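2 protein chains.
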Amino acid sequence: MPVSHAPKQNHLLAALPVAEFDRLADHLELVAMPLGKVLYESGGQLQHVYFPTTAIVSLLYVLENGASAEIAIVGNEGILGISIFMGGETTPSRAVVQSAGYGYRLGAQYLRNEFNRAGPVLHLLLRYTQALITQMAQTAVCNRHHSVEQQLCRWLLLSLDRLPTTTLTMTQELISNMLGVRREGVTEAAGHLQRAGLIHYSRGRIDVLDRPGLEHAVCECYAVVKRESDRLLADIGPGDKSHMLGASES
Amino acid sequence: MPVSHAPKQNHLLAALPVAEFDRLADHLELVAMPLGKVLYESGGQLQHVYFPTTAIVSLLYVLENGASAEIAIVGNEGILGISIFMGGETTPSRAVVQSAGYGYRLGAQYLRNEFNRAGPVLHLLLRYTQALITQMAQTAVCNRHHSVEQQLCRWLLLSLDRLPTTTLTMTQELISNMLGVRREGVTEAAGHLQRAGLIHYSRGRIDVLDRPGLEHAVCECYAVVKRESDRLLADIGPGDKSHMLGASES
DNA sequence: CTGGCTATGTTCGATAGCGCACGCTGGACA
DNA sequence: TGTCCAGCGTGCGCTATCGAACATAGCCAG
Chain A
1 MPVSHAPKQN HLLAALPVAE FDRLADHLEL VAMPLGKVLY ESGGQLQHVY FPTTAIVSLL
61 YVLENGASAE IAIVGNEGIL GISIFMGGET TPSRAVVQSA GYGYRLGAQY LRNEFNRAGP
121 VLHLLLRYTQ ALITQMAQTA VCNRHHSVEQ QLCRWLLLSL DRLPTTTLTM TQELISNMLG
181 VRREGVTEAA GHLQRAGLIH YSRGRIDVLD RPGLEHAVCE CYAVVKRESD RLLADIGPGD
241 KSHMLGASES
Chain B
1001 MPVSHAPKQN HLLAALPVAE FDRLADHLEL VAMPLGKVLY ESGGQLQHVY FPTTAIVSLL
1061 YVLENGASAE IAIVGNEGIL GISIFMGGET TPSRAVVQSA GYGYRLGAQY LRNEFNRAGP
1121 VLHLLLRYTQ ALITQMAQTA VCNRHHSVEQ QLCRWLLLSL DRLPTTTLTM TQELISNMLG
1181 VRREGVTEAA GHLQRAGLIH YSRGRIDVLD RPGLEHAVCE CYAVVKRESD RLLADIGPGD
1241 KSHMLGASES
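The listed protein sequences derive, respectively, from chains A and B. Quick note on the working numbering: the first sequence kicks off at 1 and runs consecutively. Quick note on the working numbering: the second sequence kicks off at 1001 and runs consecutively.
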């Protein structure tokens, strides 16, 4: 594997003060996150938190009849397993790797110990959680009011923001599971975007050709989430948001 | 008014240990929460947190075109203004009183001070926040996959759980705004429930006649949220040690 | 080169919810 | 007692999405 790995590829870890980072560093464990890997299951006991670096993970809620919907996307800007420090130990959600890559994991107890110091780690994690809540809430509204095509744009942009390239490895079938719609609905929406020259796709590979065009086609939900995440996490250190929408906001 | 008011009608306040409660009690201020009152607006600076006692408040996300959707309901089991302690100061949501009543408010700084002690108040609030996250996420899935009638049942039950009676004062028009659907859709669903003998309604007043029947008609989302809230907040109470986060974890 | 699998394209009827328009009614209020 | 109107009922056409079935096309293994 020619790629180099470093915990600080994760923005939260990168934002930690030296003392806090050093206390955790020895316990961070690089783990591969292959496509489809389930980091935790609905209701299961969480043993670790995960800091993705190059992977992207979806938080899914699965209904009894098997239908599902993605409620949030977590990449190198975030952490998985917030219920470990929020106090619940488990959540009713499922975390599935949506884009293969790597990340670091940390034993639950190490994170709890650090969290209980009530220092920078606590405040950083709570701010991130606040951003995550915004993403979930906006997803709820988007599910209610916006079209499949708009939601596809939102999903593409949210994923793109968490990748170093403009290529997503993702079949339409998988996307449909994330969005909680039919595969055919994704085919139709993606076909429309392709005819408009915004993307090109072929057999599980999607290239974004015209990001500004996508940002024009997306519903407001993307910008709301993006703006709120930036606001909440702007002052946390070396996070790269050069490609960001609305960078001159506020 | 003949009704007596006490802060401990709010479950979170009631769950505080004596020392913590006493520190806050002098700063708690009884406030009326009339129907339609906006406790905070999207993006506005929050000056207080609110602990409802008899009122019920809806958290709404409002889109640019005026469409809206409720993402959570908060009553005497909870608190409004979590972004004050989560660190964001504001949120993109709007809080509207859905059922008139009373509550106590507390200056943001008093809550922050208490929160920063990193004691029972912090852990109690975080557990509640975790329950709130579950409610939001389940709402997102419900918006995607379930019918208006199922969602109406969920909404009725969630409201009922936060009221001392089985009567809701609420027009179908208002409910439609909460659920993010048309008024006619609510009329149709409510008519169906009434013909089934589960509820009776008339001009802004809804009586629940058969709660078990409603629980049978509702989608799973209600039970998921309820179970998770009970689990997260079951062991709260004076003198309990749930604030020793994972202290004796195996 | 060929079979077989996976990903995508397409069609068709069914349905839920939308947007709109209009009608009815009970109760508040003059 | 009469008026008004908020709250509710209902009908109509429309669209997005669903559910299911089937057709094509790229790609890999043998």
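Here a beta-carbon is modelled for each residue, glycine too, at the ideal position from N, C-alpha and C. If you're wondering where the values come from, they're calculated on a predicted model, not measured in any experiment.
Next on the checklist: Just to make sure I have the definition right: I need the residues of chain B whose C-beta is within less than 8 angstroms of the C-beta of P92(A). Which are they?
Outcome noted: T1134, A1137, Q1138, V1224 and E1228
Item to check | Cut-off 7 angstroms between Cβ atoms - residues of its own chain near H5(A), not counting five sequence neighbours on either side | outcome: L30, T53 and Y102
Checklist entry - Can you give the Cα-Cα distance for C1021(B) and L1013(B), rounded to whole angstroms? => result Residue 1021(B) is actually Phe in this sequence, not Cys. Linking F1021(B) to L1013(B) through their CA atoms gives a straight-line distance of about 7 angstroms.
Checklist entry - For P7(A), which of helix, strand or coil comes out of DSSP? => result In the displayed model, P7(A) falls within a helix according to three-state DSSP.
Next on the checklist: For a minimum of 3 consecutive residues, which ranges assigned as the beta strand (DSSP E) are wholly contained in the segment 1179 to 1222 of chain B?
Outcome noted: 1199 to 1202 and 1205 to 1208
Item to check | Runs of beta strand (DSSP E) lying entirely within the segment 1072 to 1128 of chain B, each at least 3 residues, in chain order | outcome: For the segment 1072 to 1128 of chain B, whole beta strand (DSSP E) runs of length 3 or above, ordered along the chain, are 1094 to 1099 and 1101 to 1107.
Checklist entry - Whose Cβ in chain B lies nearer than 8 angstroms to the Cβ of M86(A)? => result L1126, R1127, T1129, Q1130 and I1133
Item to check | Straight-line gap, G88(A) to G75(A) (C-alpha atoms, nearest Å) | outcome: 22 angstroms
Checklist entry - Does the segment 55 to 70 of chain A touch the segment 170 to 180 of chain A, meaning 3 or more C-beta pairs lie closer than 8 angstroms? => result The segment 170 to 180 of chain A, when compared against the segment 55 to 70 of chain A, does touch it at the 8 angstroms Cβ threshold.
Checklist entry - My guess is that E149(A) and H192(A) are in contact by the Cβ rule of under 8 angstroms, so how many angstroms apart are they, rounded? => result About 6 angstroms separates the two Cβ atoms, so the contact holds.
Item to check | Nearest to Y251(A) (by Cα), restricted to the options Q9(A), L156(A), T134(A) and Y128(A) | outcome: Residue 251(A) falls outside the range modelled here, since chain A spans only 1 to 250, and no answer is possible.
Item to check | Cβ separation of V218(A) and C153(A), assumed to be a contact under 8 angstroms, to the nearest whole Å | outcome: 4 angstroms
Checklist entry - Quick one: which chain A residues come within Cβ less than 7 angstroms of N1143(B)? => result Under the 7 angstroms cutoff, chain A gives A140, N143 and R144.
Next on the checklist: Counting beta carbon pairs with one atom in the segment 1092 to 1102 of chain B and one in the segment 1125 to 1138 of chain B, are three or more of them shorter than 8 angstroms?
Outcome noted: no
Item to check | Under 8 angstroms between C-beta atoms of A131(A) and V49(A) | outcome: no
Item to check | Rounded straight-line distance, which links the Cα of Q47(A) to that of P2(A) | outcome: Residue placement at P2(A) is poorly supported in this model, since its pLDDT is 48, which falls under 50; the coordinates still yield a value, given next. Cα-Cα distance, rounded: 30 angstroms.
Next on the checklist: Count Cβ pairs between the segment 75 to 86 of chain A and the segment 1157 to 1170 of chain B that sit closer than 8 angstroms; are there 3 or more?
Outcome noted: In this structure the segment 75 to 86 of chain A does not touch the segment 1157 to 1170 of chain B; the number of beta carbon pairs closer than 8 angstroms is below three.
Checklist entry - Alpha carbon to alpha carbon, what distance is there between P1007(B) and S176(A)? => result 47 angstroms
Item to check | Residues bridged to S58(A) [DSSP beta-bridge criterion] | outcome: I73(A) and V96(A)
Next on the checklist: Tell me which residue opens and which closes the alpha helix (DSSP H) that A1019(B) is part of.
Outcome noted: V1018 to A1025
Checklist entry - Near A1234(B), which residues of its chain fall below 7 angstroms by C-beta distance, leaving aside the five closest residues on each side in sequence? => result none
Checklist entry - What three-state label does DSSP hand E1149(B) in the structure shown? => result Three-state result, E1149(B): helix.
Next on the checklist: Measuring straight from C-alpha to C-alpha, what distance separates V1208(B) and T1169(B)?
Outcome noted: 11 angstroms
Checklist entry - What do you get for E114(A), buried or exposed, if any count of 16 or more other CB atoms within 10 angstroms of its CB means buried? => result buried
Checklist entry - For I71(A), which of A55(A), T134(A), V18(A) and P34(A) has the nearest alpha-carbon? => result T134(A)
Item to check | Helix, strand or coil at E228(A) according to DSSP, with G and I counted as helix | outcome: helix
Item to check | Backbone secondary structure at Y1050(B) - three-state DSSP | outcome: strand
Next on the checklist: Please confirm whether G1044(B) has its beta-carbon closer than 8 angstroms to some beta-carbon of chain A.
Outcome noted: Not an interface residue.
Checklist entry - Are the Cβ atoms of N1143(B) and N143(A) separated by less than 8 angstroms? => result Cβ distance < 8 angstroms, so N1143(B) and N143(A) count as in contact.
Item to check | Contact list for Y61(A) against chain B, beta-carbon separation under 8 angstroms | outcome: Within chain B, the residues near Y61(A) are A1137, Q1138, A1140 and V1141.
Item to check | Neighbour list for G185(A) in chain B, Cβ cutoff strictly below 9 angstroms | outcome: Here the premise fails: no neighbours, minimum Cβ distance about 12 angstroms.
Checklist entry - Taking 8 angstroms as the CB-CB cut-off, is L1232(B) touching chain A? => result Yes, contact with chain A.
Checklist entry - Would DSSP call E173(A) helix, strand or coil? => result Looking at E173(A) - three-state DSSP - the assignment turns out to be helix.
Next on the checklist: Taking 8 angstroms as the threshold (C-beta atoms), are R1205(B) and T1166(B) in contact?
Outcome noted: Against a cut-off of 8 angstroms, the Cβ pair of R1205(B) and T1166(B) comes out as no contact.
Item to check | Under 7 angstroms (Cβ pairs) to chain B, residues found in the segment 66 to 77 of chain A | outcome: A67, A69 and I71
Next on the checklist: Going by DSSP, what residue range makes up the beta strand (DSSP E) through L30(A)?
Outcome noted: Segment E29 to M33, the beta strand (DSSP E) holding L30(A).
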